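> Residue 150 in numbering that gives the first Met the number 0 sits at position 151 of the sequence shown; the count goes up by one each step and never skips.
Just so you know, even glycine gets a beta-carbon here, dropped at the ideal spot from N, CA and C.
What you are looking at is a predicted structure, and each value in this text was computed from that prediction instead of being measured.
Structure incoming, see below.
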Amino acid sequence: MKICEYLKEGRFSLSYEFFPPKDERGKEQLFNTLERLLKYNPNFVSVTYGAGGSTRERTFATVKEIKEKYNLTVMPHLTCVAHDEDEVLEILDRYREIGIENILALRGDRPKDNPKEGFCKYAVDLIRLIKRHYGDQFCIGVACYPEGHQEAKSLEEDIEHLKEKVEAGGEFAITQMFFRNEDFFRFKELLQKKGIDIPVIVGVMPITNFKQIKKFANLCGATIPLDLARRLSEVQDNPEEVFKIGVDYAIRQCEELLDHGVDGFHFYTLNRAEATKQIIEALKDKIFSLRKV
Ligand SMILES: Cc1cc2nc3c(=O)[nH]c(=O)nc-3n(C[C@H](O)[C@H](O)[C@H](O)COP(=O)(O)OP(=O)(O)OC[C@H]3O[C@@H](n4cnc5c(N)ncnc54)[C@H](O)[C@@H]3O)c2cc1C
């Protein structure tokens, strides 16, 4: 199913993100995770892509296996940086052959060990290429950044570039992780002012490991509120306490988002089920009433 068709009906979308496993043990973990989360009937799952092509085969194999095994809607991520047009088209042709209808079109960050200049400077170049070659065969999702992308001079400028992605054919967006809902509400207001009216799915990153989240947040420019950071740092060597604080925080954050009306949640699972499961369980009445509308 095309994700944009479902979202057009104005219904809440639930989805999970996985990364392609490196070995058999990782694969077992991913499929165990997926099976534990299947009971919430996700609208789709997505599989990340290593910028520059480092996971090209693994992403494809994971997408194919999930689709064949569970008959789920699977959306591959695809980054264009350090690829030439032919490489990207070959990947897209293979997806089309196995019946993939949705793509998350990204630029990615240039890997240090791959200086190859590709055809694309920005994600919009990838979207234009997809549209030129495949018309409407793929529903295209894009990334967005409630706190602004770290390379952009300002949030406003970043939103201008988001608008270019939408005008080129991006039909829905998934946010980078964020921990302050006020950033998201302000972002949505700015989108409205700019006339950007595509559905925006919230990317939810439950904090389960403080050291890891500090690294991720640093890389993508997400702010961890001071009070939350202080509470996490006090228990950072106690994994159970970190998990509890992180999941409780995510539940409260998601509840407020649901109360304000959001188009969906996309859980960054990191191939683990427990945090996502606890958040959905805590909010399932609200989530499922929105999905039935
Ligand atoms: C939901 C989600 C999923 C992700 N999945 C992956 C993944 O699987 N693999 C991976 O490697 N990375 C992934 N990323 C990270 C992403 O690749 C990086 O954030 C990357 O730095 C930007 O990608 P983009 O598609 O947002 O780029 P773009 O939309 O091209 O934006 C990149 C920067 O360029 C600026 N810009 C855009 N157009 C112009 C222009 N015309 N002139 C000047 N500046 C411009 C933007 O404002 C922004 O600052 C994901 C991010 C999100 C939010």
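1) Does ligand 1 have even one heavy atom less than 8 Å from the beta-carbon of K120?
2) How is N237 classed by DSSP in three states: helix, strand or coil?
3) Which residue comes first and which comes last in the alpha helix (DSSP H) that contains V261?
4) Please list the segments of the beta strand (DSSP E) lying wholly inside the segment 8–41, counting only runs of 3 or more residues, in order along the chain.
5) Return yes when the Cβ of R95 is within less than 9 Å of the Cβ of F137, no when it is not.
6) Output the distance between the C-alpha atoms of K26 and R35, rounded to the nearest integer angstrom.
7) Within the same chain, show all residues whose beta-carbon is closer than 8 Å to that of V62, passing over the 5 residues directly before and after it, in chain order.
8) Counting only runs that start and end within the segment 120–166, where is the beta strand (DSSP E) found for 3 or more residues in a row?
9) What residue range does the alpha helix (DSSP H) around A216 cover?
10) Using only CA atoms, which one of G220, T275, N217 lies nearest to S14?
11) Note down, in chain order, each residue of its chain lying with its Cβ closer than 8 Å to the Cβ of K152, except the 5 sequence neighbours on either side.
12) Return the Cβ separation of F264 and S232 in integer angstroms, given the expectation that the two are a contact with Cβ distance under 8 Å.
13) Is it true that the CB of Y121 sits closer than 9 Å to the CB of E170?
14) Leaving out five residues before and five after K285 in sequence, what residues of the same chain have Cβ atoms less than 6 Å from its Cβ?
15) Is any heavy atom in ligand 1 found nearer than 8 Å to the beta carbon of L105?
16) Going by the DSSP bridge assignment, what does A172 pair with across the sheet?
17) With a floor of 4 residues, list each alpha helix (DSSP H) that falls wholly inside the segment 75–103, ordered by position along the chain.
18) Please report how far the alpha carbon of V87 lies from the alpha carbon of G49, in whole angstroms.
19) Using C-beta distances below 8 Å, list every residue in its chain close to Q298, excluding the 5 sequence neighbours before and after it, in chain order.
20) Who are F266's beta bridge partners in DSSP?
21) Between the Cα of D85 and those of A228, A272, L125, G107, spot the shortest distance and give me the residue it belongs to.
22) State the beta-bridge partners of V73 as determined by DSSP.
23) So, C79 versus R106, is the Cβ gap smaller than 9 Å?
24) Taking the C-alpha atoms as reference points, what is the distance between F178 and T222?
25) Which residues in the same chain as F43 place their Cβ atom closer than 6 Å to its Cβ, once the five residues preceding and following it in sequence are excluded?
Looking at the atomic coordinates:
1) yes
2) coil
3) Neither: V261 is in no alpha helix (DSSP H) and is coded neither H nor E.
4) 12–17
5) yes
6) 14 Å
7) V46, V73, P75, Y94, I97, I99
8) 138–143
9) 209–219
10) T275
11) none
12) Not quite, the Cβ-Cβ distance comes to about 27 Å (not below 8 Å), so this is no contact.
13) no
14) L257
15) yes
16) V141, V199
17) 84–96
18) 13 Å
19) Missing from the structure shown is residue 298; the chain here goes from 0 to 292 and no further.
20) Y15, V203
21) L125
22) V44
23) yes
24) 7 Å
25) I2, S14, T72, M74
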